[in-house]
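Q:
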Ligand SMILES: Cc1ncc(COP(=O)(O)O)c(C=O)c1O
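Residue numbers (this note's numbering): 320 to 736.
1. Using a Cβ-based criterion (distance less than 8 Å to any ligand heavy atom), does residue 712 qualify as near ligand 1?
2. How many angstroms separate the CA atom of residue 554 from the CA atom of residue 735?
3. Suppose you measure from the CA of residue 581 to the CA of residue 538; what does that come to, to the nearest Å?
4. According to DSSP, simplified to helix, strand and coil, what is residue 677?
5. Give me every residue whose Cβ sits closer than 6 Å to any heavy atom of ligand 1, in chain order.
6. For the alpha helix (DSSP H) that residue 548 lies in, which residues bound it at each end?
7. Whose C-alpha, out of 451, 574, 481 and 365, is nearest the C-alpha of residue 738?
8. Leaving out five residues before and five after residue 475 in sequence, what residues of the same chain have Cβ atoms less than 6 Å from its Cβ?
9. Taking the CB atoms as reference points, tell me whether residue 726 and residue 699 lie closer together than 9 Å.
10. Anyone know if the C-beta pair for residue 590 and residue 435 falls short of 9 Å?
11. In the DSSP assignment, what residue or residues form a beta bridge with residue 537?
12. Whole-angstrom Cβ separation of residue 662 and residue 645, contact assumed at under 8 Å?
13. Work out the CA separation of residue 669 and residue 313 for me, nearest whole Å.
14. Looking only at its own chain, which residues have a Cβ that is under 7 Å from the Cβ of residue 617, when we skip the five neighbours before and after it?
15. Whose C-alpha, out of 594, 695, 721 and 733, is nearest the C-alpha of residue 453?
16. Nearest by alpha-carbon distance to residue 607: which of 378, 400 and 586 is it?
17. Mind pulling the beta strand (DSSP E) runs of 3 or more residues that sit fully within the stretch 381-458?
18. Do the stretch 713-727 and the stretch 376-391 make contact, defined as three or more Cβ pairs closer than 8 Å?
19. What's the gap between the Cα of residue 460 and the Cα of residue 632?
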């Protein structure tokens, strides 16, 4: 947990600091372990009729894009329709500013921070770009990341490497990694005196590995560098409290696990770093409507607020338990299919509601996934080609034990020949 401000002058100054060394290893806090029970907790309370899914669809693909509930769509639709009755209706003094700020208030509460630390964006990528652009890194500065980052959290650093001479150091997370201490040691060993920040995903897109962010933040703080988190796959899937994580910045998507409208996102910038990370679009103010940000999509932003309120009404701890119980059940079921090799961590602190498997080389994953949709109405995701020839399942609040079992049965049947 972040205890007060750390010395911001250490950042950019990259001065030497004492190593956390073994102390860090001994002080790894217990991770929040989710309930591994196999029964769905929520499916009866979150019926499919609340969503617009096509008939018979089994949707285990929230990691790609989440569904909006009917009540979310209703809020967005109503706002949009009202807006079009007089396009300037909410403009300026007519109230858009305060309406949009309602979503910031809800988001801040949900992520455990102050409204003055939350910005509305259009995506995780948009948030990560804002962070990188707001940092004003210079030639010779190093940033430390992993080889598992999604393009949305990496392109911004590649840009500064290409045009400004920033150097990217990457630690390797081997397939099948299941050891938080090993990850932390690798990060610790890779921090140089020129390292300005660590930028990592909270949950890896390819394998669903949940990174030990609180420990990484603590390590970063002990070295006087920043900890930036790409939380695209975490907010809404598991409990995310940015203060407990202790990171300096956290970018996430509204359109995945938060089940908000497509093209929405959130960015947390800790008060401690707001004088260091200064994105152009929020130079004037963190308000959603401001001269640096231009006109925004009010209908979607209000829909996002509604979507988060729904998750709050269920309780994010309960949502996480549900998601993990389904994921752990799927893990067990898929483990018994000889042609699949699970690439995600076993049940425990590094596991998340996403599960990925390697499929045989003879299977072309994209057409395989398309066949599953066409033939079985099962929607999952092929993993990105840069990682491995695999498939990925995402378990969220609306999914049921029955659906997870269905997916496992389909996989078994399609792979047994
Ligand atoms: C880890 C990670 N980061 C970033 C993104 C991009 O998210 P967005 O489309 O909201 O920018 C994704 C999308 O899958 C992701 O998995």
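A virtual CB, placed ideally from N, CA and C, is assigned to each residue, including glycine.
Only a predicted model underlies this, so the values are computations on that prediction, with no experimental measurement involved.
A: Let me lay it out:
1. A distance criterion of 8 Å places the beta-carbon of residue 712 beyond contact range of ligand 1, judged by its closest non-hydrogen atom.
2. 36 Å
3. 34 Å
4. strand
5. 442, 443, 444, 469, 471, 472, 520, 524, 549, 551, 552, 572 and 584
6. Run containing residue 548: none in the alpha helix (DSSP H); it sits in the beta strand (DSSP E), 545-549.
7. Only positions 320 to 736 of the chain appear in the structure, and residue 738 is not among them; the question remains open.
8. 447, 448 and 451
9. yes
10. yes
11. Its beta-bridge partners do not exist; DSSP assigns none.
12. Not really, about 18 Å apart at Cβ, beyond 8 Å.
13. This structure leaves residue 313 out entirely; the chain is present only between 320 and 736.
14. 398, 402, 409, 415, 418 and 419
15. 594
16. Put simply, of 378, 400 and 586 the residue whose alpha carbon is nearest the alpha carbon of residue 607 is 586.
17. 437-440
18. Cβ pair count under 8 Å is three or more, so yes.
19. 44 Å
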